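Heads up: the structure comes next, in structure tokens.
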Amino acid sequence: MPIVYLGFTVAQMITFLNKNSRSFALVSNDVEEQEGEFRLTTYSDEFGEYEGFGTLSRIVIEAFKPFAQQAKLEREQNKKTLHEILNIKQQG
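All you need for our numbering is the position in the sequence shown, starting with 1, plus 13.
Take a look at the structure:
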């Protein structure tokens with residue numbers, strides 16, 4: 014079962030962070046003692062720099078938190094637009 018934070022999967026949060034950050038880097042740790050851990054760095058003009066080390070879900074959620082409200086608004090706008098498009102197609 015995928016890990017979800019505020020209705021967003023880890024993949025959706027990564028996509029949003031990548032799209033809305035000036036820089037974004039996600040690297041897997043190859044060191045045997047730290048297998049399964051990652052390093053995430055992002056920079057955005059609005060929220061500044063984030064750097065985190067740890068499990069993928071934990072660091073992605075922490076980096077995503079400042080963007081959560083913006084992501085929710087964007088999701089609602091996209092749902093509204095899709096609904097309007099579907100209504101137009103049904104009427105036409």
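Just so you know, even glycine gets a beta-carbon here, dropped at the ideal spot from N, CA and C. Note that the structure is predicted; figures quoted are calculated from it, not measured.
### Query
What span of residues does the beta strand (DSSP E) with R52 cover, start to end?
Note, R52: beta strand (DSSP E), 50 to 57.
### Task
Answer yes if the segment 81 to 90 comes into contact with the segment 60 to 68, meaning at least three C-beta pairs across the two stretches below 8 Å, and no otherwise.
The segment 60 to 68 makes no contact with the segment 81 to 90, as fewer than three CB pairs between them are under 8 Å.
### Task
Could you say which of L39, A38, I72, T28 lies nearest to R88 if we only look at CA atoms?
Per the Cα distances, T28.
### Query
From this set, L95, P79, L99, which residue's C-alpha is nearest L19's C-alpha?
For L19, the nearest C-alpha among the options comes from P79.
### Query
Taking the continuous beta strand (DSSP E) assigned at F37, which residues delimit it?
Residues 36 to 41.
### Message
According to DSSP, simplified to helix, strand and coil, what is F66?
### Response
In the three-state scheme derived from DSSP, where H, G and I count as helix and E and B as strand, F66 is classed as strand.
### Query
In whole angstroms, what is the alpha-carbon distance linking L74 and A24?
Sequence check: residue 74 is Ile here, not Leu. As the crow flies, the alpha-carbon of I74 is around 11 Å from that of A24.
### Task
Over the uninterrupted alpha helix (DSSP H) stretch that includes M14, give me the two end residues.
First-last for M14: undefined, no H or E at that position.
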